[in-house]
Amino acid sequence: MSEPALSAVLRPLDLLGEWAISLAASLGRFGTFLSAALAAMVTPPLKFWAFVDRINFIGFRSLLIILLTGGFTGMVLGLQIFFTLSRFGSEAFLGPAVALSLIRELGPVLAALMVTGRAGSALTAELGIMRITEQIDALEVMALSPMRYLVAPSIFAGIITFPLMTAMFDVIGIFGGYLVGVELLGLSPGTYFGEMQTFVDFGDISLGFWKSIAFGVIVTWVCTYKGFHVGHGAEGVARATTQAVVLSSVLILVWDYFIGSVW
Amino acid sequence: MIKIEGLRKSFGAQPVLRGLDLEIPTGSITVIIGRSGGGKSVFLKHLIGLLRPDGGRVLLDGQEITRLSGKALDAIRRRYGVVFQGGALFDSMRCGDNVAFPLREKVKLPKAEITKRVESALAQVGLEGVSQKYPAEVSGGMRKRVAIARALVTEPEIVFFDEPTRGSTRSS
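Line order of the protein sequences matches chains A and B. FYI, in the working numbering the residues of the first sequence are 29 to 291. FYI, in the working numbering the residues of the second sequence are -17 to 154.
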């Protein structure tokens, strides 16, 4: 075979190799970034006020969207599950059906997706702007670790706030289901909550809890990483923000399936 | 003394530094002038350890700093004050807090002493009374002067300025 023909045959393999090396390098950087952040989290000094600020930024400022989406998700579940169960004469199971759907799946996943859209994107944009305006470089040349000041507080805040927001999402969602099932469609309140206590056990709550912690780490990790490694200018920040939201959302759904299937 | 030996840096196929040699004696003021895009900021970033060269080395008092990382590099950086091209002020903090930041985080002085040193540093650059303003509320030239105050407030051994007069008027 002539040299140009051989080159044409090998070119796709060459490109595949380049892509594989680039993917491995990116995954390596992604993993190293998390290890550095975790190391900054467990070694003193903890930047307490930066952590409190991140709790406010990620958690408190997301409360309204969490309460709104939680309430309406519960109401939709109440409505749809009531009509489905009424076909089998099993309306009494509305309470546990709403509660299990929310606690095991919808609460952690939807709360995480909502926080990704509200706080995760803002986190990436904020860090991205700090990167392109050399504020992160300024921290480094002051011999202060950006990991300790910017990333570790965000990941720590994600671990604390995501379970709390998921719990609020679940509770408000259960009351949303109550509003529709009991107040609008006439189910007895005792049946709604009584059956729920019978069917929902600690394992269900525990599953939702661990999922929310995992999502808290995923969202803050991805969003801070993307902000930290932003490209040039406003376009770079915009691209990083989009990538952070898309990647976080996909990882939330993939990880949700993974935890759900092994639990 | 800062000694630079054969410093080389490329970004992709674009060479920026091509074997740069330079000696900056202790106690001197050295100015580097060049056309825009000529690699002055890239060179500065090698001196402060933000970029690693493709070849060559930077020595500070005989110690090679181009291969340092972690705590060893931090120890070198504690001797530095740096004024970035755009100021690089933390936009979530007021100007006074920006100047106080290295004192609070690196030097750990009493609050009253920090306030005194911040006011003095701001006065030195002619910016009394701006400590309560955010960087976005002052002009580009004032931001640059706040950045100079921040770089000088810890009384560093070596100060690097990246285009210190950019955005400044003749009077400032």
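Note that beta-carbon positions come from the ideal geometry of N, C-alpha and C, so glycine has one too.
- Glu168(A) is the residue among Glu168(A), Gly205(A), Phe58(A), Ala139(A) whose C-alpha sits nearest the C-alpha of isoleucine 58(B).
- When only Cα atoms are considered, isoleucine -16(B) and threonine 48(B) end up about 12 Å apart.
- The beta-carbon of glycine 78(B) is placed no less than 9 Å from the nearest beta-carbon of chain A.
- At a cut-off of 9 Å between C-beta atoms, isoleucine 15(B) does not count as an interface residue with respect to chain A.
- In this chain, the beta strand (DSSP E) harbouring serine -8(B) covers -16 to -7.
- In the structure shown, the three-state DSSP call for glutamine 225(A) is helix.
- Here DSSP, grouped into helix, strand and coil, assigns valine 141(B) to strand.
- A Cβ of chain A is located within less than 9 Å of the beta carbon of glycine 68(B).
- A direct Cα-Cα distance of roughly 17 Å separates glycine 222(A) from glycine 102(A).
- Here glutamine 225(A) is exposed, its C-beta having fewer than 16 other C-beta atoms within 10 Å.
- Proximity of arginine 60(B) to chain A, defined by a Cβ-Cβ separation below 9 Å, is satisfied.
- Here leucine 138(A) is not near leucine 215(A), since their CB atoms are 9 Å or more apart.
- The C-beta distance from proline 124(A) to phenylalanine 227(A) rounds to 4 Å, short enough to meet the 8 Å contact threshold.
- Between the alpha carbons of glycine 20(B) and threonine 12(B) lies a distance of about 17 Å.
- With fewer than three CB-CB distances shorter than 8 Å, the segment 262 to 273 of chain A does not count as touching the segment -9 to 11 of chain B.
- Counting every other CB atom within 10 Å of its CB across the protein chains shown gives valine 278(A) a total below 16, marking it as exposed.
- Scanning chain B for C-beta atoms nearer than 9 Å to the C-beta of aspartate 165(A) yields Lys27, Ile30, Leu32, Val64, Phe66, Ala70, reported in chain order.
- Nearest CB-CB separation between glutamate 87(B) and chain A: below the 9 Å threshold.
- Contact of threonine 194(A) with chain B is not assigned, every C-beta pair being separated by 9 Å or more.
- Per DSSP, the beta bridge partners of arginine 39(B) are Glu(-13)(B).
- The contact set of glutamate 119(A) on chain B, defined by CB atoms closer than 8 Å, is empty, because the minimum CB distance reaches about 53 Å.
- Boundaries of the beta strand (DSSP E) around glutamine -4(B): -4 to 6.
- Around the CB of phenylalanine 100(A), fewer than 16 other CB atoms lie within 10 Å, so the residue is classed as exposed.
- Listed along the chain, the chain A residues whose CB falls inside 7 Å of the CB of proline 84(B) are Met170.
- If you draw a straight line from the Cα of glutamine 67(B) to the Cα of lysine 239(A), it comes to about 44 Å.
- Sequence-distant partners of valine 250(A) (beyond 5 residues in either direction) whose C-beta falls short of 6 Å from its own C-beta, in its chain, are Ala272, Leu275, Ser276.
- Using a 10 angstroms sphere on the CB of threonine 161(A), the tally of other CB atoms reaches 16 or more, which defines it as buried.
- Just measuring C-alpha positions, the residue of Ile157(A), Phe79(A), Arg159(A) sitting nearest proline 181(A) is Phe79(A).
- Taking a C-beta cut-off of 7 Å against chain B, the contacting residues of the segment 145 to 162 of chain A are Thr161, Glu162, listed in chain order.
- The Cβ of aspartate 36(B) sits no closer than 9 Å to any Cβ of chain A.
- By a beta-carbon distance limit of 8 Å, valine 208(A) does not contact leucine 130(A). Their separation comes to about 13 Å.
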